[in-house]
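> Residue numbers for the sequence shown follow this note's numbering, beginning at 1094 and rising by one.
First, the structure itself, so that you have it in front of you.
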Amino acid sequence: MSESSVSPLKDRRAWLLAGTGALLGLGGCGAFQNTQRAEPYANQEWLQSSANRIANLSLRDNLESIRRVQTTLYRRNPREWRKSAASMDAASQRAWAAVTQGPDLPELRGATGIEAIRLAFDTGPQGYQGDRVAALVVGWASMLKQANGDTWEQSMIDGINAENSYRAARNFEISLWLIASKTGPDGQPLLLATEISERGRNLVADRELSKVVARLDLLAAQADEKYRRAALDFGQNWVMGVVMPFFTLVPR
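Right, dumping it as structure tokens:
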């Protein structure tokens, strides 16, 4: 083979290696770019897939949204936290301790998920007399945990349940509607949340619960796509990993 026929092939390989190195360099820079939201690596992350990590981040943000809504509802409805604690902060801590550590709030009688939410809006003759905001927090948080594979932190043996995630999103929508429309026996709103007045606009509950709905719907769609695209993703990875390197060696 003449030197003139080998040289273009060598040049092509050299350009390929240089391009690959450049891409890896760019990828490395991007991987260590500070996004202001990035967290340091934790040991348990080695047991998580990318999908697990996204699910855990979504759960973290959803729980933070619930905390913001809880604060707004307590500030606008101080009678609720006064039913269970001496201060708003103490009532908040009591609700979250029941969610993450236990024991359950005795006034809920073991109710979680949608059952706790129903209690929060119960205004019948023997209606719920406990902290309605705490009942909502317990109901919302337990639904999020169930949608996250019944765990607070997913690993590779866990996964999003598309049906649970979709159902939780609808229950959050119903909760938002009930907060805006449900009234007590006196005809007054059961829980004050949204405010548009001369003092300003308070739309925290609407905004944060809408974010939760959007995240849950996206996770449900991602879980459905995971199984639908499994065979296609395998085929694409095989082609890119096995076949494509040969194409780079073919002279053009």
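Here a beta-carbon is modelled for each residue, glycine too, at the ideal position from N, C-alpha and C.
Using CA atoms only, rank isn't needed, just tell me which of 1189, 1234, 1196, 1199 is closest to residue 1210.
Position 117 of the sequence shown holds residue 1210. The shortest C-alpha separation from residue 1210 is found at 1234.
> Counting only the same chain and skipping the five closest in sequence on each side, list residues whose C-beta sits under 8 Å from that of residue 1308.
Mapped onto the sequence shown, residue 1308 falls at position 215. The answer, listed in chain order, is 1151, 1154, 1155.
> Cα separation between residue 1245 and residue 1195?
Counting from 1 along the sequence shown, the entry for residue 1245 is found at position 152. Counting from 1 along the sequence shown, the entry for residue 1195 is found at position 102. Each residue's Cα considered, the two are about 14 Å apart.
> Does the count of Cβ pairs from the stretch 1258-1265 and the stretch 1279-1290 closer than 8 Å reach three?
no
> Quick one: what's residue 1282 bridged to in DSSP?
In the sequence shown, residue 1282 corresponds to position 189, counting from 1. In DSSP, residue 1282 forms a bridge with 1276.
> How would you label residue 1202, buried or exposed, when you count the other beta carbons within 10 angstroms and need 16 or more for buried?
Within the sequence shown, residue 1202 is the residue found at index 109, counting from 1. When all chains shown are included, residue 1202 counts as exposed.
> Nearest to residue 1213 by CA position, among 1238, 1312, 1271, is which residue?
Numbered from its first residue, the sequence shown carries residue 1213 at position 120. Cα-wise, what sits closest to residue 1213 is 1271.
> Might you give, ordered along the chain, the residues of its own chain that have their beta carbon closer than 8 Å to the beta carbon of residue 1043, omitting 5 neighbours on each side?
Given a span of 1094 to 1345 for the chain in the structure shown, any question on residue 1043 remains unanswerable.
> What does DSSP give as the partner residues of residue 1288 in its beta bridges?
Within the sequence shown, numbered from 1, the residue matching residue 1288 stands at position 195. In the DSSP output, where bridge partners are listed per residue, residue 1288 has 1295.
> When the Cα atoms are used, what is the spatial distance from residue 1148 to residue 1247?
Taking the first residue of the sequence shown as position 1, residue 1148 is located at position 55. Taking the first residue of the sequence shown as position 1, residue 1247 is located at position 154. Taking the straight line joining both Cα atoms gives about 7 Å.
> Less than 8 Å between the CB atoms is what I'm expecting for residue 1188 and residue 1227, so what's the real figure, rounded?
Here residue 1188 refers to the residue found at position 95 when the sequence shown is read from its first residue. Here residue 1227 refers to the residue found at position 134 when the sequence shown is read from its first residue. With 8 Å as the limit, residue 1188 and residue 1227 qualify as a contact, their Cβ atoms being about 4 Å apart.
> Whole angstroms are fine: how far does the CA of residue 1215 sit from the CA of residue 1185?
By one-based count along the sequence shown, residue 1185 stands at place 92. By one-based count along the sequence shown, residue 1215 stands at place 122. Roughly 21 Å separates the two Cα atoms.
> Nearest to residue 1305 by CA position, among 1171, 1231, 1266, is which residue?
On the sequence shown, residue 1305 is found 212 positions in, with the first residue counted as 1. Of the candidates 1171, 1231, 1266, the one whose C-alpha sits nearest the C-alpha of residue 1305 is 1266.
> Please tell me whether residue 1182 and residue 1191 are closer than 7 Å, where the distance is taken between their beta carbons.
What you label residue 1182 is simply residue 89 of the sequence shown in a count that begins at 1. What you label residue 1191 is simply residue 98 of the sequence shown in a count that begins at 1. No, Cβ-Cβ distance for residue 1182 and residue 1191 is not below 7 Å.
> Give the straight-line distance between the Cα atoms of residue 1275 and residue 1303, rounded to the nearest whole angstrom.
For the purposes of this step, residue 1275 is taken as residue 182 along the sequence shown, with counting starting at 1. For the purposes of this step, residue 1303 is taken as residue 210 along the sequence shown, with counting starting at 1. The alpha-carbon atoms of residue 1275 and residue 1303 are separated by roughly 18 Å.
> Could you check what DSSP says for residue 1218 in three-state terms: helix, strand or coil?
The count along the sequence shown starts at 1 and reaches residue 1218 at position 125. Reduced to three states, the DSSP call for residue 1218 is coil.
> Does the distance from the C-beta atom of residue 1312 to that of residue 1253 stay below 7 Å?
As a first step, residue 1312 must be located in the sequence shown, where it is residue number 219. As a first step, residue 1253 must be located in the sequence shown, where it is residue number 160. For residue 1312 and residue 1253, yes; Cβs fall inside 7 Å.
> Run through DSSP, which three-state label would residue 1182 get?
Start at 1 with the first residue of the sequence shown, and residue 1182 comes out as number 89. Reduced to three states, the DSSP call for residue 1182 is helix.
> Tell me which residues share the same chain as residue 1117 and place their Cβ nearer than 8 Å to its Cβ, disregarding the 5 neighbours each side in the sequence.
Translated into positions along the sequence shown, residue 1117 becomes position 24. For residue 1117, the pLDDT reaches just 41, beneath the cut-off of 50, and the residue's location in the model is therefore unreliable, leaving the point undetermined.
> Which stretch, first to last residue, makes up the alpha helix (DSSP H) that contains residue 1147?
Position 54 of the sequence shown, counting from 1, holds the residue named residue 1147. Its alpha helix (DSSP H) spans residues 1143-1169.
> Is it right to say residue 1225 is buried, meaning 16 or more other beta carbons lie within 10 angstroms of its own, or is it exposed?
The residue given as residue 1225 occupies position 132 in the sequence shown. Classification for residue 1225: buried.
> By the 10 Å Cβ neighbour count, where 16 or more other Cβ atoms means buried, how is residue 1268 classified, buried or exposed?
Within the sequence shown, numbered from 1, the residue matching residue 1268 stands at position 175. Burial call: buried.
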